[in-house]
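Please read the structure below before turning to the comments.
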Amino acid sequence: MGCRDRHFSFPIIGGSMSYTQKVLDELKARYPEQPEFIQAATEILGTIQPALDAHPEYEEAALLERLVEPERIVMFRVPWVDDQGKVQVNRGYRVEFNSAIGPYKGGLRFNPTVTLGMLKFLGLEQILKNSLTTLPMGGGKGGSDFDPKGKSNNEIMHFCQSFMTELYRHIGPNTDVPAGDLGVGGREVAYLFGQYKRLTNEWTGVLTGKGLSFGGSLARTEATGYGLVYFVDEYLKSRGESFEGKNVVVHGSGNVAIYAVQKVAQLGGKVLACSDTHGWVEDPDGIDYTVLEHVYNKKRSGHDKGVTLAMYVDEKPNAVWHEGDGRGVWQLPCDIALPCARENTLLLEDAQALVANGCKVVGEGANMPTTIEATTYFQENGVAFMPGKAANAGGVLVSGLEMSQNAEHLSWTFEEVDGKLEQLMRGMFHNVDDTAKEYGEEGNFVMGANIAGCSPRASAKSSLDIACDEAPSHSGREPFSMVERAVRPRLVHLKVLDK
Ligand code: NDP
């Protein structure tokens, strides 16, 4: 056994290094300046060796090397003019990671911490996440080190227009379909979409997360938070339990957190606390998602200087505001923890406090919020740990449904979209759970999600071993249809299409 423990292990096979360890070592040597990407690759490669052991042909075909290297990276400068008439320059990126089963799909992040390594981590996760949804979407991610906080609406518009003035030539409804992420909500998507339309003279479903009046899907706003809670609820159901009477803590109070809070309450649970970058709030009556929505909208109004979650107590006098590190929420006794802020915000000491205080389930609403050490600690201490690439897939799943509605020029009702979301998230839990059992690791949802995510067919049969089937020669066949691509194993596609 190598690495840290059995959950993220790199076995030595017959005295030689395993395939996954070899690929990871090469990545570490090639990209030492990309720690988040290496962390994500470690988490994935550290769990899929059992599915590769039976198939030495994968190594010969260099399938993993192709999986971890983006098909294309676009980097560009984004010049824009601020309200003082001064020219500002930011950096823009789009990582087009993998298009084996559909157009690249994944969000745009506008945040000063954005680097290429961060976008590669998010893009790699996105490949497996999109695959788990069972919809025909490849993986991608993009963004900029632009900080929308404290900017006027005018400045945000100028930045978005400049960003799209370069990006538009690299995307398209059948090529690459970006969406929002941190710092990119409905307002930014609208400015980006308007500029794309102006430059191409075409209305197409090239972005998701659009406003309802111009092609957006009902329930997209709620999708990630609702999907997270459906996924966790399906786990609870499989153990004969439910959210009824459970105490929950949430980290974050943005888009994902707000609708997770709402759905927990609808299912009978109580959210005790949530946070932002300024501190955390504790409400003995249960956090009220409508107040969170109000604060969130204020923050994103274009006049957001000085607006923080502390405002919550103005509307809920029984609540208590704690200035400082939002990670204070992890100190509260609870049954379920939902990290919904951003990567690496739940550390080993937080995991130790949660376990000591009785937490039994962790569902990641954010991407990789839990460090590898904290994840290991949860798994070793009997906590059911649901990784983000499965548990937070509801957002991209409804983005996929938005693409379908745009392609058909249709709009489905809220109930139709929410119904599909719930059904697919509950089904995804069973796919992940069954895959973990199939590889003798019942309850290891990280392994289950990573192995099942390597195959786009999210059914009980999906796993890497399907990929050993020889793909029929492409010659003499009709081109793959979208539906066919959705159900054909990703690794076969890598083998056939991606040499
Ligand atoms: P938002 O920007 O709407 O909210 C982010 C929340 O996290 C805010 O409350 C923010 O506080 C807080 N936060 C940001 N940085 C930190 C930090 N360093 N420490 C503590 N808290 C922090 O983002 P979303 O809710 O949309 O996304 C949250 C996470 O979920 C991200 O990891 C994203 O990639 C992931 N995700 C989002 C999806 C979506 O559909 N939105 C889909 C799948 C994954 P403040 O307001 O003070 O900045």
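Just so you know, we're using this note's numbering here: the sequence shown kicks off at 687 and counts up by one. Glycine included, each C-beta is placed from N, C-alpha and C at the ideal position.
| request: Just mark Phe845 as buried or exposed, buried being the case when its beta carbon has 16 or more other beta carbons within 10 Å. | output: buried
| Which residue spans inside the stretch 705 to 778 form an unbroken beta strand (DSSP E) run of at least 3? | 758 to 767
| request: Using 7 Å as the cut-off, classify the Cβ of Leu868 as near or not near the heavy atoms of ligand 1, replying yes or no. | output: yes
| field | For Phe796, the first and last residue of its enclosing beta strand (DSSP E) | value | Tyr790 to Phe796
| Touch test, the stretch 1097 to 1116 against the stretch 787 to 797, Cβ-Cβ under 8 Å, three pairs minimum | no
| Any non-hydrogen atom of ligand 1 within 7 Å of Arg1028 CB | yes
| Is it the case that the CB of Asn1130 approaches a heavy atom of ligand 2 more closely than 7 Å? | Ligand 2 is absent from the structure shown, which contains only ligand 1.
| query | Does the distance from the C-beta atom of Glu1009 to that of Gly965 stay below 8 Å? | reply | yes
| query | By DSSP, does Trp1007 sit in helix, in strand, or in coil? | reply | strand
| query | Which whole runs of the alpha helix (DSSP H) in the stretch 1021 to 1053 are 4 residues long or more, in chain order? | reply | 1034 to 1042
| said: Just to confirm my understanding: we take Ala1146, look at its own chain, exclude 5 residues before and 5 after, and list those with CB closer than 6 Å. What are they? | reply: With a pLDDT of 27 at Ala1146, under the threshold of 50, the predicted position of this residue should be treated as unreliable, though the coordinate-derived value follows. The residues are Asp1120.
| request: Use the C-beta contact count for Arg986: other C-beta atoms within 10 angstroms, 16 or more gives buried, fewer gives exposed. | output: buried
| query | Sorry if obvious, but does the Cβ on Thr910 come closer than 7 Å to a heavy atom of ligand 1? | reply | yes
| Going straight from the alpha carbon of Val1195 to that of Val977, what length do you get? | Not covered by the structure: residue 1195. The range shown for the chain is 687 to 1185.
| task | May I ask you to report which of helix, strand or coil DSSP gives Glu811? | result | helix
| said: Can you tell me where the beta strand (DSSP E) holding Glu968 begins and where it ends? | reply: Gly965 to Glu968
| task | Would you be able to state if there are at least three C-beta pairs under 8 Å between the stretch 885 to 905 and the stretch 821 to 828? | result | no
| query | Is it the case that the Cβ atoms of Val942 and Gly911 are separated by a distance below 8 Å? | reply | yes
| message | Quick check on the DSSP output: the alpha helix (DSSP H) that includes Gly1080 runs from which residue to which? | response | Gly1080 to Glu1094
| query | How should Asn816 be labelled, buried or exposed, when 16 other C-beta atoms within 10 angstroms of its C-beta is the threshold for buried? | reply | buried
| request: Measure the alpha-carbon distance for Met703 versus Lys1123 and round it to whole angstroms. | output: 26 Å
| Length of the line joining the Cα atoms of Thr1057 and His856 | 33 Å
| Can you tell me whether DSSP reads Cys846 as helix, strand or coil? | helix
| Ordered along the chain, which non-local residues of its own chain (more than five positions away) have a Cβ less than 7 Å from that of Gly949? | What sits at residue 949 in the sequence shown is Lys, not Gly. These residues qualify, in order along the chain: Gly911, Tyr912 and Val915.
| field | Range of the contiguous beta strand (DSSP E) that encloses Asp1120 | value | Element bounds for Asp1120: not the beta strand (DSSP E) but the alpha helix (DSSP H), Phe1100 to Glu1124.
| field | Proximity winner among Val1084, Phe723, Thr894 and Glu712, relative to Met1054 (alpha-carbon distances) | value | Phe723
| task | Quick one: grab the DSSP three-state call for Phe832. | result | coil
| Would a C-beta distance cut-off of 8 Å place Leu1018 and Gly1051 closer than the cut-off? | no
| said: Is Val936 near ligand 1 - that is, is its Cβ less than 7 Å away from at least one heavy atom of it? | reply: no
| field | Close-in-space but distant-in-sequence residues of the same chain around Val999 (CB under 8 Å, 5 per side omitted) | value | Val967, Ala1005, Val1006 and Trp1007
| Three-state secondary structure assigned by DSSP to Leu922 | helix
| message | Please classify Gln952 as buried or exposed, where buried requires at least 16 neighbouring CB atoms within 10 angstroms. | response | exposed
| field | Any non-hydrogen atom of ligand 1 closer than 7 Å to Ser903 Cβ | value | no
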